[in-house]
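Peer 1: Below you'll find the structure I mean.
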Amino acid sequence: MCDGPCFIRGDISGFGYRGCSDKISKHLGLQIKPSGCLTPGGDAAYTIEKICYCNTEKCNGVTLGDLDNFRPLHNNTGLMGTKCFDCTSDFHACSDGSTASISPSQERLIAHNRCQRPCFVRTDKSGKSFRGCTDDINYYKDLVISNSGCYNPTGDAGNSIQRICFCTSDSCNRASMIDLQ
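With the numbering used here applied, the sequence shown covers -11 to 169.
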């Protein structure tokens, strides 16, 4: 019995592991989600290729080949969704999203999340860049999320966001905001 979500993970070496997130994920310094998959960044990226979490009994009994098709409880209609980079320009590998794309040689160092809604690249009023998943930015009540394109938000979102761009293909937010316009 787990005190948190179960997990299945695939390591770069080709080995797979299953278990309780409360027993191993905290030790590795991983972000623990209630359900869904991610590609870790930072130190964990040197050993872990992908980790998926789930929260029903024996839910981590899928094969490693099923990792990309892993279905969390909230998505019983299909695949996990779009793979989005998740980082800020504070991390050197992420780069300045307003003018620069993520370098292919740096992609392995950056976390990914599987998202049900579009990916984004945005800059805030201080010039800091963010890349991520619009599933996670619901705290801006007046932010209009689209499948593609860029705009300068107004209202509450415009108080902190300078510009935001959206896209919907796997890892599409590796591109700069210039490329996504």
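We put the CB at the ideal spot given by N, CA and C, even for glycine.
1. Relative to the alpha-carbon of Cys103, which residue among Ala81, Pro141, Ile152 and Asp158 has its alpha-carbon at the smallest distance?
2. Going by beta carbon distance, what residues of the same chain come within less than 6 Å of His80, once the five residues before and after it are set aside?
3. I need the boundaries of the alpha helix (DSSP H) containing Gly146, first residue and last residue.
4. Span of the alpha helix (DSSP H) holding Ile166?
5. Spell out the partners DSSP gives Phe(-5) in its beta bridges.
6. Less than 6 Å between C-beta atoms, sequence neighbours within five positions excluded: which residues of the same chain meet that for Thr122?
7. Taking Gln150 as part of the beta strand (DSSP E), name the residues at either end of that continuous run.
8. Which residues mark the beginning and the end of the beta strand (DSSP E) in which Val109 is found?
9. DSSP three-state label for Asn63, please.
Peer 2: This is what the structure gives:
1. Counting from 1 along the sequence shown, the entry for residue 103 is found at position 115. When only C-alpha atoms are compared, the closest one is Asp158.
2. The residue labelled residue 80 in the question sits at position 92 within the sequence shown. Answer for His80: no residue qualifies.
3. Working through the sequence shown from its first residue, we reach residue 146 at position 158. Here the alpha helix (DSSP H) through Gly146 covers Gly143 to Gly146.
4. Walking along the sequence shown from the start, residue 166 turns up at place 178. Taken as a continuous stretch (DSSP letters only), the alpha helix (DSSP H) holding Ile166 covers Met165 to Leu168.
5. Start at 1 with the first residue of the sequence shown, and residue -5 comes out as number 7. DSSP lists Gly7 and Tyr41 as partners of Phe(-5).
6. Stepping through the sequence shown from its first residue, residue 122 is reached at position 134. Within the same chain, Thr122 has close Cβ partners Arg105, Pro106, Phe108 and Ile133.
7. For the purposes of this step, residue 150 is taken as the residue at position 162 of the sequence shown. Element bounds for Gln150: Ile149 to Cys155.
8. The sequence position of residue 109 within the sequence shown is 121, counting from 1. Start and end: Cys107 to Asp112.
9. Numbered from 1 along the sequence shown, position 75 holds the residue referred to as residue 63. Legend: pLDDT at Asn63 = 33, less than 50; position of this residue unreliable, value from coordinates given subsequently. Here Asn63 sits in coil by DSSP.
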